[in-house]
Amino acid sequence: MDDLDRYRRDLDKIDKGLLELLLQRQNIAKKIGNYKKKNKLRVVDKKREKIVFEKINSYCQEHGLNKNFCKSIFKKIIKNSRNVQK
Numbered sequence: 000m001d002d003l004d005r006y007r008r009d010l011d012k013i014d015k016g017l018l019e020l021l022l023q024r025q026n027i028a029k030k031i032g033n034y035k036k037k038n039k040l041r042v043v044d045k046k047r048e049k050i051v052f053e054k055i056n057s058y059c060q061e062h063g064l065n066k067n068f069c070k071s072i073f074k075k076i077i078k079n080s081r082n083v084q085k
């Protein structure tokens, strides 16, 4: 096996891990949705979302990640969480 195959295998493992984390996040979002319904809370919490994006920006800045790229990914993740909570 050459280096390229090893690198691709490593990426495959990381991709699987990302998908598993997305599933965990979705399951927690469902629990949050149930809590919000039970307590008559709104699905969208702009204050919380602002905090999440501030943390993302800080992390990206500290680790040299592209902030716009990360923000676009998390916008989709949060949109999915909102849909799951409805």
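Going letter by letter, the sequence shown gives residues 0 to 85 in my numbering.
Don't be surprised by glycine CBs; every beta carbon is placed ideally from N, CA and C.
Keep in mind that this is a model prediction, so the values were computed, not measured.
| Check | Outcome |
| --- | --- |
| With 16 as the cutoff for other CB atoms within 10 Å, does residue 84 come out buried or exposed? | buried |
| Taking only three categories from DSSP, how would you classify residue 41? | coil |
| Can at least three beta-carbon pairs, one atom from the region 65 to 83 and one from the region 36 to 52, be found at a separation below 8 angstroms? | yes |
| For residue 6 and residue 58, what's the separation of their Cα atoms in angstroms? | 25 angstroms |
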